Amino acid sequence: SDAGRVGSSGEAVYSAAKGGIISFTKTFAREVARHGISANCVCPGPADTPLFAEISADNPKLRTALEKSIPMRRLAQPDDLANAVAFFARPDSSYVTGQTLSVSGGLTMA
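Just so we're aligned: 980 in this note's numbering is position 37 of the sequence shown, and the numbers increase by one with no gaps anywhere.
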């Protein structure tokens, strides 16, 4: 989650945990690179998933507010996230390591 990169109000523990994953990934990438292994992480933004539907069921304005805050004006679809992961799994990304890719429609550009 991008909360690990930029923080998230009211979610200090969540943000810290996600920041830990990002730091772990970068450290791990340094440690295994000499063996030809890459390690990267994907930080999804708000996504149109069953969990989001459950969370927003009591607040129908939440989706609209989020969509307005995202420059691409939509929530991520599961395929958007899967495609980012697939990129890192492709042989032509083998020289990419220790990176954090935000998949948030431009919501976070840190």
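All C-beta atoms in this analysis are idealised placements derived from N, C-alpha and C, irrespective of residue type, glycine included. On a predicted model such as this, the values are computed, not experimentally measured, just so you know.
List the residues that DSSP assigns as beta-bridge partners of Thr970.
-> None, per the DSSP bridge assignment.
Could you check if Gly1048 is buried or exposed, using at least 16 other CB atoms within 10 Å of its CB as the buried criterion?
buried
Thr1040 beta carbon less than 8 Å from that of Asn983: yes
Locate the alpha helix (DSSP H) running through Val1028, then write down its first and last residues.
1021-1032
- prompt: So who's on the other strand from Thr1043, going by DSSP bridges?
  reply: Cys984
Residue span of the alpha helix (DSSP H) that contains Ile998, given as start and end
993-999
### Message
Quick check on this structure: which residue in Phe1030, Leu1024, Ala976, Ala990 has the alpha carbon closest to the alpha carbon of Arg1016?
### Response
Ala990
**Item:** Touching by the beta-carbon criterion (3+ pairs, under 8 Å), the stretch 966-980 and the stretch 1024-1041
**Value:** yes
Does the beta-carbon distance from Val985 to Val949 come in below 8 Å?
no
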